[in-house]
Structures are given as C-alpha cells and as structure tokens.
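Going down the list, the protein sequences come from chains V and P. Counting from 0, one number per residue, gives the positions in the first sequence under numbering that gives the first Met the number 0. Counting from 0, one number per residue, gives the positions in the second sequence under numbering that gives the first Met the number 0. Glycine residues also receive a C-beta, built at the ideal position from the N, C-alpha and C atoms. See structure below.
There are 2 protein chains.
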Amino acid sequence: MGRIKTTYNISKKEIIIDKAAALIREKGFKAASMRDLAEIIGVEAASLYNHIKSKNELLYEICLHVANVYNKKINIISDEQISSIEKIEMLLRFHIQCMIQNFEKVFVSDREWKHLSEPYLSNFQNLRRNYRKKFAAIIEEGIKKEEIKKIDATTAVLIMLYAVSGIESWHRSKQKISGNALEENMIAILIGGLKKL
Amino acid sequence: MGRIKTTYNISKKEIIIDKAAALIREKGFKAASMRDLAEIIGVEAASLYNHIKSKNELLYEICLHVANVYNKKINIISDEQISSIEKIEMLLRFHIQCMIQNFEKVFVSDREWKHLSEPYLSNFQNLRRNYRKKFAAIIEEGIKKEEIKKIDATTAVLIMLYAVSGIESWHRSKQKISGNALEENMIAILIGGLKKL
DNA sequence: CCTACCGATCGGTAGG
DNA sequence: CCTACCGATCGGTAGG
C-alpha cells in the first residue's frame, strides 16, 4: 500500500512539473500563477501543495533536471576518443535534439533560471559554469590540435549555446523545415560558417 | 513657458524609460514593479503616472524603439552596392554594437516583448517578422550569387540573431575580452565557422 | 482533494 | 510632486 501510494505521488508530481514547464515557458515564471497551473491540472490551487512544496520548487526541479542532463552528457563526450570537431558536433546535435524534443523544460532552464531562489540559484549557476568550462576546454583542445581556428573559446561557447536556443523561434513558427533538416542546417552553419569556400 | 514644460516632460519620460529598461532587464517585466522603479527615480510610485500612461507603455516604448532602429538599418544595408556577405557582416557588426552599447533596451526587446499588450504586441511582431524576412532575403540573394553555401535562410537568420543575443552572457561576466575582440571573434565564427580550413 | 481565508503586493486613481 | 487608498491577484496555510 505504502509502495503504491508513493508511486502515485511521484507520478502526480511529475505531471505537475511537466505542465508547469509548459505554462512557465509560455507565460514566464512570474506571470504563471499557481491558480493557472491548478486549472490545467484540474484541481484547486491549494491541492497542488499536497504534491509540491512551493512554486519555487517547481522551477528548481525543471532547471536542475536540465542542468544535470547536460553535465552528464558533456562528461561522456569529453572522454570519447574522437577529434575535437567531432566532439563539438556531437554536443551540438545533442543540444539541438534536446531543444526539439524537450523544448518546454530546456527553454525554462535557459530563460527563467534567474527567478530561482537561494540556494538553488547558486547551485544552478555552478552547474552551468561548470558545463561551459568543459565546453570551452573541448574548443581549446581543438585549437591546440589545429582542428579549430584560433578564436576565443568562451565566445565560441556562447555563440553555440545561444544559436541553438534560437530553435524556440522554430517551435513558435509554422515549422516549414523538419527537425532533421533544422539540425543539419545548424551544424553546417556553426561548424563551417555561412561563407561558401 | 509651454515649450519649456514640454521639453522637461520629454526628458523626464526618457529618464524613466531608460531606468525602466535597466530594471526590466534585471528582473523581468512582471517582477519589475512600479514601486521599484519609482524608488530608483527618487519619487513615489504614483508620481510616475504624471509622465507615463502605464507600465505597459514603458515596455512598448522600449520594444518599439529597438524594432524601429533595426528596421531602419536593414533597409539602408539592403540597398547598399556591396556583396551579400558584406551586407551580412555589416548587419552582424551593427547588431553586436547595439548589444554592447545599448544592452538594456535590446535585451528587453529580445526577451520581454511577449508581455506586450495588444495592439502593441501585434505591431511589434509585425516589425520583427518584417525584419527577419529582409534578413533572410539578403541570405537568399547571397546563395543565388554563390557567395553563401546552400543552407536554409530562415535557420541562418535565427542562428545569427540568437548568437548575437549571447552577448548578454558577456555583459554578465567579468568581460575578460574587449568589446572589439568579441566582435571580431563573433564575425569570424559566424561567417567562417569553427573549423580550420 | 476541497472550502475558506490570510497577509502581501501589485498597477493604478482621486484629489490636492 | 505627494498622501491616501482601491480592487485584483498573488503564493500559501489551516482545517477537515
């Protein structure tokens, strides 16, 4: 019985988090109210608090989940026995796929993290800083091995990450291009540039 | 006398808009309160309404200003007698400069426009759609002239615009690289790609 | 899971 | 420019 009840609670909490991600993505954290969320779930606002501690906890669960997935992935890719350019391509494809398939949570993590309260905020910022350092290290390695042109690695990381975040615009649009085509185009431009050789 | 009073009002309104841009950039539109803003200006909240109509008007003034500046610029660049790649480079450098020098307003326009109320929202979205179409047209032209590789123009626009928006991260950081160096690095990566030839 | 309700804060107005 | 104040809405709690 206890086992069944626990399972039920976890599942309901995850439904709430998923719906919260969609709502926060659409309206922004501050404009997304718990009453809005409750209506989407189909309960009264007060009932949400049987499953979650606070509105802040919802944001924290979303942001930390995304940050952890990203960090796990970059650790794996960093250790692969492939060229730096291949590592970056893998990382970009992973980011693009996350942005396409897990849009709501990734977007919220990217854009709404500043509304996190302490100590979640510092925790999240540390994870993000750590991630960007590892990304920059891969680029530095590629420059040293002369696979990548001599550019500022921090600037390159920033371009890559923000370029991928532009997929939000694709989501918002009529999506005249498929997810796969979007991915191939982004890789071509980011790795090879706009200019024809 | 009437002339002097008008000048004074315009000036005070512009101070309020500038301070509002900084506050909204920092906290987000919904979290930035008129009481916060009043304190920054050094008056009571009620006094703000002698200069502005509403909180929404502040956002509208910021977003429309930026959108108009961008549209004016792209019209000028589109008509220049230079190559498509040169046009894109000019446009990127312009964007980067705006992002560096006019950070607060550009950021608010990029990230907080969704809180605009009608009819301002539709007005802004039209300007933005128009701008992106013209940007895409320059890229299409470059593809046709075989200066630019065969990629999806809409995707390319999205990458360029969002990559530049990443300068927010540079602003937030210790800025170990100068504005000029940042600009040159971004141009090199976006036009030429990461990969060494 | 609900009803009932709280204190805080919001954008904005009236009136001087 | 201020004081005083409004109705709405917020996140969250008590109690069942």
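In the assembly as shown, Glu60/P is a buried residue. Its beta-carbon has 16 or more other beta-carbons within 10 Å. Note that the C-beta distance between Ile150/P and Asn179/V is not below 7 Å. For the options Val156/P, Glu43/P and Arg171/P, the alpha carbon positioned closest to that of Ser168/V is the one of Val156/P.
Taking 7 Å as the cut-off, the beta carbon of Gly192/P is found no closer than this to the beta carbon of Gly165/V. The beta carbon of Asp151/V sits closer than 7 Å to some beta carbon of chain P.
Take Leu63/V, set aside five residues on each side of it, and no residue of its chain has a beta-carbon closer than 6 Å to its own. Annotation for Ile99/P: Ile166 and Gly178 place their beta carbon closer than 7 Å to its own, counting only its chain and skipping 5 residues before and after. Looking at the backbone, the Cα of Ser10/V and that of Leu58/V are separated by about 17 Å. Looking at the DSSP output, Ile147/V bridges to Lys194/P. In this structure, the straight-line span from the alpha carbon of Glu13/P to that of Asn122/P is close to 21 Å.
Going by DSSP, Ser46/P is part of the alpha helix (DSSP H) stretching over Ala44 to Leu47.
Under the Cβ criterion of 7 Å, Tyr161/P is counted among the residues facing chain V. For Lys132/V, the secondary structure class from DSSP, reduced to helix, strand or coil, is helix.
Taking CB atoms only, Lys194/V has a neighbour in chain P less than 7 Å away. Looking only at Glu140/P, Glu56/P, Glu88/P and Ile81/P, the smallest Cα-Cα distance to Tyr119/P is reached by Glu56/P. A contact is defined here as three or more CB-CB pairs under 8 Å, and the segment 95-114 of chain V meets this definition with respect to the segment 14-30 of chain V. For Trp169/V, the chain P residues whose Cβ falls inside 9 Å of its Cβ are Thr153, Thr154 and Leu157, in order along the chain.
The three-state reading of DSSP puts Gln96/V in helix, counting H, G and I together. Along the segment 174-189 of chain V, the positions whose C-beta sits under 8 Å from a C-beta of chain P are Lys175, Ile176, Ala180, Leu181, Asn184, Met185, Ala187, Ile188 and Leu189, read in chain order. In the three-state reduction of the DSSP assignment, His50/P falls in the coil class, being assigned neither a helical nor a strand state.
Contact of Ala135/P with chain V is not assigned, every C-beta pair being separated by 7 Å or more. Excluding its 5 nearest sequence neighbours in each direction, Ile73/P has C-beta neighbours in its own chain below 7 Å: Leu90, Tyr130, Lys133 and Phe134, listed in chain order. Ala31/P: not part of any alpha helix (DSSP H); DSSP gives it neither H nor E. Here DSSP, grouped into helix, strand and coil, assigns Lys11/V to helix. In this structure, the CA atom of Glu38/P is about 8 Å from the CA atom of Ala44/P. In this model, Glu146/V and Glu117/V are separated by some 41 Å (Cα to Cα). Here the alpha carbons of Ala66/P and Ser108/P stand approximately 8 Å from one another.
When Cβ-Cβ separations below 7 Å define contact, Ser116/P makes no contact with chain V. Taking the Cα positions, Lys18/P is about 29 Å away from Thr154/V.
Taking a Cβ-Cβ cut-off of 7 Å, the neighbours of Ser164/P in chain V comprise Tyr161, given in sequence order. Taking Ile188/P as reference, the option from Gln174/P, Ile158/P and Lys175/P with the minimal CA-CA separation is Ile158/P. The alpha-carbon of Ser32/P is positioned some 15 Å away from that of Lys52/P.
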